[in-house]
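Number of protein chains: 2
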Amino acid sequence: MRTLRVELGERSYPIYIGSGIMDSIGELSRKHGISVKSPQLIVTDDKVAPYYLAQVEQALTAEGYSVVTHTVPSGESSKSLQVYEEVMTTAIRGKLDRSSAVFALGGGVVGDLAGFVAATYMRGVTFVQIPTTILAHDSSVGGKVAVNHPLAKNMIGAFHQPAMVLYDVDTLKSLPPREVSSGLAEMVKHGLILDRDFAYWCRDHAEELLGLVPETLIYGLERGCAIKADVVSKDEREGGLRAILNLGHTIGHAIEAVGGYGRFLHGEAIAIGMAGSAMLAGMLGRDQSLYAETVGMLQALNLPVTLPADIMVEDIMDAMQHDKKFAEGRMVFIVPEAIGSVSIVKDVPVDAVRTVVEQLKGEVNT
Amino acid sequence: MRTLRVELGERSYPIYIGSGIMDSIGELSRKHGISVKSPQLIVTDDKVAPYYLAQVEQALTAEGYSVVTHTVPSGESSKSLQVYEEVMTTAIRGKLDRSSAVFALGGGVVGDLAGFVAATYMRGVTFVQIPTTILAHDSSVGGKVAVNHPLAKNMIGAFHQPAMVLYDVDTLKSLPPREVSSGLAEMVKHGLILDRDFAYWCRDHAEELLGLVPETLIYGLERGCAIKADVVSKDEREGGLRAILNLGHTIGHAIEAVGGYGRFLHGEAIAIGMAGSAMLAGMLGRDQSLYAETVGMLQALNLPVTLPADIMVEDIMDAMQHDKKFAEGRMVFIVPEAIGSVSIVKDVPVDAVRTVVEQLKGEVNT
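Chains A and B, in that order, are what the protein sequence lines are.
Take the first sequence: its letters are residues 2 to 367, numbered as in the numbering used here.
Take the second sequence: its letters are residues 2 to 367, numbered as in the numbering used here.
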């Protein structure tokens, strides 16, 4: 079992990564001072529950914990205020108190939802994350928790750091191949923004990563988490630097929205977005080879780098309009400077972005 | 205008107290760095709005701010997740961003609701409080914000400190006499727990306080806020010391619940609770004169110190049962040691509390 520490002063916490470590959750909870006198709540979804809920519950009860559970439907629709209130009801009925903890067993949706419950139940209780997707290696570092408002995603939330994260790579075995690639998009993104060697490592180990070879995955997740942790340590509340984590996300979020949040997985959308950012970098005078290098890395991980023909350029542009500067004809963009290095450019012409989106619909020409 | 500073490290903030200072809200907002480029949200209720909403709105727009407003029905029922979501909708439609602020114009309900919106809109934005009740002098210090769950009060919330509090005592003129007394209950409570001289000052200036004489009120509010601020500075997240602020609240909350949250005002319920605590102190061997002294102070402020005959002792006892130690026959209680001094006693026999509640139903015998 590897341990990575996220340094955030008094809110620092460890990420335990390993194979077959799920059963240690009870022991680790004891070690982290979670009281056996208080009831604990596990939040999971109906896709994850059949595989791991009983195991986690048993690992906790074996250490003397009493546990209540709440299973939500899998998918983004569970990140609603209504489901949030239902989880709160379970917490109150289960008599959770201020010394209780909320355990999130699942992917990003469960982590965000359970984390917001933990952030706000009795003004905040302990939060523990047990991610079961590769994508969640990203969301389990940073403390961002949220639910959606009908008018906008992630609009209601908080910063609430977990007390610990337990990452058992064995849980990834049941992921469909598209979900695997989607998760690897965030992993290689961490290389692209800050660690050239790691970006190339992801490309060179693509086959093992896609094949979920435990040692390779453990290294990749650890390094991905470490890079993100380093950024978050320097900017916990997203004052500036943290924006670099959004490489590929401006176009990516627009693609997700235009696809109705179902057609494209998050990692697929940001892969196309990262290809677009590299293309934009070339247009803004950066190294012309960046685009080909980036696209090569993404394709090695079975990720898309172009927009399907039926996606309308203007729909993508409209979906980006909520950006404040958009109306003035300028946008803030995370622009690659080299593989492993990006900058925050505040006055990218909207027209340049439009050209990029148009070209994303064409053939890949590297 | 008096300025009191609540010391909380990087979350420190000022409370401005004075007469006729409402119009300075725009200027003070500028001074506190609230951006004129971002829309601002004022949350108020339908009782306060007709008196002050236009004035606050105008004071902000005069300084160049654009403002959206949201008026909720007055009363505890507005502290619901449903109303919370409606306020969020107004914030999103009004295009509030991370540099926006939420202004709470009203009493405790508006402060709690708007504060929880500020704590969780886009993971937290600036919060400004403009209290319009005496009771709110208590809730505007401490950073506790919350809404109610159908199963329990204040169960969903956060700690979110305001950037500033503007307290214009002129707004108190429209308060009904019962509300005035209710607010003064928290004021004298601050004397009872930590400041003997202030407790006697409240009693000796009862007539001016009840008559809302500005200079007297300003001093009382300032001293009450200062005492609470001192406690909160030492224990921001309610780890221990802060519990002394709950003098009279264990019995008081039970009285509010049994009365269906409408029959007794908060200050009335805790006044009866404080009388009970002083009585309990005598039973536990403390100075027998505490009860008479306490009751005298409360009565000077036109506050009740006994339970009406139709309130059932067992209903009050049942309402206190959520306390974890209750089942073991013991309770945690804030017990007066002298006027201006209390201690946290962790093993008060439940039977002694029952005796106190029984005697609260009798005649006052000092």
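Quick reminder that beta carbons are idealized off the backbone N, C-alpha and C, glycines included.
Chain B within 8 Å of residue i, Cβ atoms only
i, result
"ALA147/A", "yes"
"LYS156/A", "It should be pointed out that residue 156/A corresponds to Met in this sequence rather than to Lys. It does; some Cβ of chain B falls within 8 Å."
"GLY286/A", "no"
"THR91/A", "no"
"LEU1/A", "Given that chain A is displayed from residue 2 to residue 367, the structure contains no residue 1/A and the question cannot be resolved."
"GLU87/A", "no"
"LEU82/A", "yes"
"PHE128/A", "no"
"GLY125/A", "yes"
"ALA164/A", "no"
"ALA153/A", "yes"
Cβ distance (whole Å) where residue i is taken to contact residue j below 8 Å
i, j, result
"GLU64/B", "SER30/B", "7 Å"
"ALA164/B", "PHE128/B", "6 Å"
"THR72/B", "ASP46/B", "6 Å"
"HIS109/B", "SER182/B", "The sequence given here places Gly at residue 109/B; His does not occur at that position. Their Cβ separation, rounded to whole angstroms, is 15 Å, which puts GLY109/B and SER182/B out of contact at 8 Å."
"ARG3/A", "SER13/A", "With 8 Å as the limit, ARG3/A and SER13/A do not qualify as a contact, their Cβ atoms being about 17 Å apart."
"ILE271/A", "LYS190/A", "7 Å"
"SER141/B", "ASP98/B", "That pair is no contact at about 25 Å."
"ILE335/A", "SER278/A", "6 Å"
"ALA105/A", "ALA92/A", "In fact, because the Cβ distance is near 13 Å, the residues do not count as touching under 8 Å."
"LEU61/A", "GLY95/A", "Not really, about 13 Å apart at Cβ, beyond 8 Å."
"VAL314/B", "ARG264/B", "With 8 Å as the limit, VAL314/B and ARG264/B do not qualify as a contact, their Cβ atoms being about 17 Å apart."
"CYS203/B", "LEU210/B", "7 Å"
"ALA153/A", "ALA120/B", "Wrong, their Cβ atoms sit about 17 Å apart, outside the cutoff."
Coarse secondary structure for residue i, derived from DSSP in three states
i, result
"LEU42/B", "strand"
"LEU218/A", "helix"
"ASP348/A", "strand"
"ILE35/B", "coil"
"GLU11/A", "strand"
"VAL333/A", "strand"
"GLU359/A", "helix"
"LYS229/B", "helix"
"SER78/A", "helix"
"ILE22/A", "coil"
"ALA63/B", "coil"
"LYS235/B", "helix"
"GLY27/A", "helix"
"LYS49/A", "What sits at residue 49/A in the sequence shown is Val, not Lys. In this structure, VAL49/A counts as coil in the three-state DSSP scheme."
"LEU210/A", "helix"
Bridge-paired residues (DSSP) for residue i
i, result
"THR70/A", "ILE43/A"
"SER342/A", "ALA339/A"
"ARG6/A", "PRO15/A"
Closer than 8 Å to chain A by CB, residue i
i, result
"HIS150/B", "yes"
"LEU9/B", "no"
"PHE327/B", "no"
"LEU42/B", "no"
"TYR122/B", "yes"
"PHE334/B", "no"
"ALA159/B", "yes"
Contact test: residue i Cβ vs the ligand MG heavy atom, cutoff 7 Å
i, result
"PRO15/B", "The ligand MG is absent from the structure shown, which contains no ligands of any kind."
Beta carbon proximity, residue i to chain C, threshold 8 Å
i, result
"ILE219/A", "Annotation note: the requested chain C is absent from the structure, which comprises protein chains A and B."
**Message:** Just to confirm the assignment: which complete alpha helix (DSSP H) runs, minimum length 4, are found wholly within the region 98 to 136 of chain B?
**Reply:** Contiguous alpha helix (DSSP H) elements confined to the region 98 to 136 of chain B occur at 109 to 121, taking only those with 4 or more residues.
**Message:** My parser needs the alpha helix (DSSP H) runs of 4 or more residues fully inside the region 245 to 331 of chain B; what are they?
**Reply:** Within the region 245 to 331 of chain B, the complete alpha helix (DSSP H) segments of 4 residues or longer fall at 250 to 259, 267 to 284, 290 to 301 and 314 to 320, listed in chain order.
**Request:** Run through the region 130 to 208 of chain A for me and flag every whole alpha helix (DSSP H) of 4 or more residues, listed as ranges in chain order.
**Result:** 137 to 140, 178 to 195 and 197 to 205
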